[in-house]
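Some notes on the structure that comes next.
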Amino acid sequence: MKTQVFLEGIALAAFRKVGFMCSDPTMFSIDKVQFVMLSFEGPDLFSMAGGLGIRAQELCNCLASMGFTTHLYFIGDPDLPAEEQQGKLILHRWCQWISAANPGGCYVAEDTKVKDYGDSIPSALVEKVIAPAAQKGITTIVLAEEWQTIPAVINLRKVLKEHCLEDRAGILWNANNLYGFKGIDWVKLNKSCALTTVSRYMKHRMWPLGVNPIVIHNGIPARLLQTPIAQDIVRELRQIFPELLIAKVGRYDVDKRWVMAVKAVAAMKQRGLKPTFIVRGGKEPHRQEVRNQADKCGLSWKEIHLPPKAAAQDILAELARWSSYDVLELCFYVAEDFINVLYSGSDCVLANSGHEPFGLVGLEVMACGGLAFVGATGEDYAQTLVNSAVVETEDPLEIVEYVQTLTDDKKLNQSLRAEGIRTAACYTWERICRDLFQKIRFLSASRGVILD
Numbered sequence: 047m048k049t050q051v052f053l054e055g056i057a058l059a060a061f062r063k064v065g066f067m068c069s070d071p072t073m074f075s076i077d078k079v080q081f082v083m084l085s086f087e088g089p090d091l092f093s094m095a096g097g098l099g100i101r102a103q104e105l106c107n108c109l110a111s112m113g114f115t116t117h118l119y120f121i122g123d124p125d126l127p128a129e130e131q132q133g134k135l136i137l138h139r140w141c142q143w144i145s146a147a148n149p150g151g152c153y154v155a156e157d158t159k160v161k162d163y164g165d166s167i168p169s170a171l172v173e174k175v176i177a178p179a180a181q182k183g184i185t186t187i188v189l190a191e192e193w194q195t196i197p198a199v200i201n202l203r204k205v206l207k208e209h210c211l212e213d214r215a216g217i218l219w220n221a222n223n224l225y226g227f228k229g230i231d232w233v234k235l236n237k238s239c240a241l242t243t244v245s246r247y248m249k250h251r252m253w254p255l256g257v258n259p260i261v262i263h264n265g266i267p268a269r270l271l272q273t274p275i276a277q278d279i280v281r282e283l284r285q286i287f288p289e290l291l292i293a294k295v296g297r298y299d300v301d302k303r304w305v306m307a308v309k310a311v312a313a314m315k316q317r318g319l320k321p322t323f324i325v326r327g328g329k330e331p332h333r334q335e336v337r338n339q340a341d342k343c344g345l346s347w348k349e350i351h352l353p354p355k356a357a358a359q360d361i362l363a364e365l366a367r368w369s370s371y372d373v374l375e376l377c378f379y380v381a382e383d384f385i386n387v388l389y390s391g392s393d394c395v396l397a398n399s400g401h402e403p404f405g406l407v408g409l410e411v412m413a414c415g416g417l418a419f420v421g422a423t424g425e426d427y428a429q430t431l432v433n434s435a436v437v438e439t440e441d442p443l444e445i446v447e448y449v450q451t452l453t454d455d456k457k458l459n460q461s462l463r464a465e466g467i468r469t470a471a472c473y474t475w476e477r478i479c480r481d482l483f484q485k486i487r488f489l490s491a492s493r494g495v496i497l498d
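Okay, structure coming up:
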């Protein structure tokens, strides 16, 4: 309890310090600039397929909270309004007619949606958002995400040219991953917009393609540092699992090194460390390979099914009911507050990816005062045995030895958690937007876009 109070004090102090440093982050007039984000994923549960949905939601919320008019065009729930205003944030749910005929999420009937999105958004965006704003002396900054938005970006550049509005709209296209890279015409894309990405690792992976993207890191919401973790829930969690508690949250993807994680837990069990592994994955095909590995290692596995965003007490009751199992899989949408409890209360959280464009989970764990085990690719923020444990190989014993060290050395364990909080405070969206705005100033100047 004393340790957690100490960590929460560090979180608030770190946030206030960074908040002071970013007290005037805008760098240009709120009355002269507006933002548009183009993204397949968005804030609807229908559209929240992965980290991109969280990025779109949190970045747009941050921009709107700063006072910027912000439009988010995404593949929204077909049963919700086509347009919805939330303060300065305007949600535009696109391709609803396609989604209505193809339920299951924003990526179902993906090719059809990519074409419709690319054909219909440019003209609508210019006529309804960019041109009216330009008449008032307002410049629009368009932030486009991932390969699905590329046809829209290229067509948007053409429509802007036709309307003589190229100096009133800056376009940045961002790569969050390597997906879809093989089909991209990089020369045409580079002529249509400025290119950005989320880490130096991704920048280096893109160099061989003949492009040099600007790095603008991902961010986390400030509330992760501002909102205290529910310590009564943490205590109940640890009463259920008094021995070693390991967690992992992420898609069932080979790059996430789930098989390595399972082997590591099995090796810990062989050492007599008595681990329990709580996991939250998805429905991806790789899940079966992970299950097969658990069976091969002799680990018992229990699926826990509850309604989406189940209450913490209901989750704890189910965890207690099946606590004798080695692996407990949460097969439902878990609310952020309980995820934060899990991050804070676990002995470590495995975000040990072999390929990670940025590693958002690691930062989220740090913000909660958790102990993050991250990979060694896009996690620019990670420093091994300073704010995290950086796993550099595919050998499960590397994880096991880190766990052994940090179990034995309580002082080092607490030091990593405290420094992790300080690190996370430097990556709030408010702080990242300061960097974003500076990059926008540079890219606008280089491309002849008017900001002031």
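In terms of my numbering, the numbers along the sequence shown are unbroken and rise by one, the last being 498. Positions of the beta carbon are idealized from the N, C-alpha and C atoms, including for glycine.
Measuring alpha carbon to alpha carbon, tell me which residue in the options is nearest residue i.
i, options, result
"V387", "S399, N398, C377 and L362", "L362"
"S93", "E156, F114 and M112", "E156"
"E444", "I478, D426, V308 and S169", "V308"
"W193", "S166, V280, V325 and N222", "N222"
"S461", "F488, N433 and T453", "N433"
"L352", "K249, Y379, V395 and A435", "Y379"
"W368", "L319, I324 and A358", "I324"
"G122", "G133, C108, M112 and K159", "K159"
"E87", "Y119, G113 and S111", "Y119"
"A470", "L482, L458 and L406", "L406"
"E410", "V446, T273 and K342", "T273"
"C472", "A413, L319, G327 and G133", "A413"
"G494", "N107, A170 and L211", "L211"
"E438", "R281, H401 and L206", "H401"
"M112", "W143, I260 and C479", "C479"
"T195", "D498, D455, L376 and Y153", "Y153"
"L426", "L206, S245 and K234", "Position check: residue 426 holds Asp in this sequence, whereas Leu was assumed. Out of L206, S245 and K234, S245 has the C-alpha closest to the C-alpha of D426."
"I275", "W143, S490, V79 and I385", "I385"
"C343", "R297, P168 and P442", "P442"
"K457", "N201, L109, K161 and L431", "L431"
"H138", "V175, L109, D299 and I286", "V175"
"L126", "F287, C141, G327 and K134", "C141"
Per DSSP, what kind of secondary structure is residue i in: helix, strand or coil?
i, result
"S369", "coil"
"H351", "coil"
"F74", "coil"
"K320", "coil"
"V154", "coil"
"H401", "coil"
"H117", "strand"
"K457", "helix"
"F86", "coil"
"M67", "Low per-residue confidence applies at M67: pLDDT is 49, beneath 50, and the placement is therefore not dependable, though the value from the model is reported in the following sentence. Looking at M67 - three-state DSSP - the assignment turns out to be helix."
"T451", "helix"
"E375", "strand"
"L431", "coil"
"E191", "strand"
"R297", "coil"
"E476", "helix"
"E382", "helix"
"E444", "helix"
"E335", "helix"
"T439", "coil"
"A128", "coil"
"L489", "helix"
"I100", "helix"
Mind checking residue i: buried by the 16 CB within 10 Å criterion, or exposed?
i, result
"G226", "exposed"
"K182", "exposed"
"R303", "buried"
"K294", "buried"
"G151", "buried"
"D278", "exposed"
"P321", "buried"
"F488", "exposed"
"W253", "exposed"
"Q131", "exposed"
"S346", "exposed"
"F66", "Below a pLDDT of 50, predicted positions are generally treated as unreliable, and F66, at 45, falls in that range; the measurement from the model is reported next regardless. Classification for F66: exposed."
"S69", "Residue confidence for S69 is low, a pLDDT of 43 falling below 50, so the modelled location carries little weight; the figure read from the coordinates is stated next. The residue in question, S69, is exposed, as its Cβ has fewer than 16 Cβ neighbours within 10 Å."
Check the C-beta distance from residue i over to residue j and give it rounded, since I have them as a contact under 8 angstroms.
i, j, result
"L291", "S145", "Wrong, their Cβ atoms sit about 39 angstroms apart, outside the cutoff."
"Q103", "P89", "4 angstroms"
"V188", "G216", "7 angstroms"
"N264", "F404", "5 angstroms"
"L374", "K355", "In fact, because the Cβ distance is near 18 angstroms, the residues do not count as touching under 8 angstroms."
"A177", "E476", "31 angstroms between Cβ atoms; not a contact."
"S390", "G415", "5 angstroms"
Counting contacts by CB-CB distance shorter than 7 angstroms, is residue i in contact with chain C?
i, result
"D213", "Among the protein chains of the structure shown there is no chain C, as only one such chain exists."
Return yes when at least one heavy atom of the ligand NAD lies under 6 angstroms from the C-beta of residue i, else no.
i, result
"L417", "Ligands are entirely absent from the displayed structure, and the ligand NAD is therefore not among its contents."
### Query
Which residue spans inside the region 196 to 224 form an unbroken alpha helix (DSSP H) run of at least 4?
196 to 208
### Task
Scan the region 212 to 293 and note each continuous alpha helix (DSSP H) run of 4 residues or more that stays entirely inside, going in chain order.
232 to 238, 246 to 252, 269 to 272 and 277 to 286
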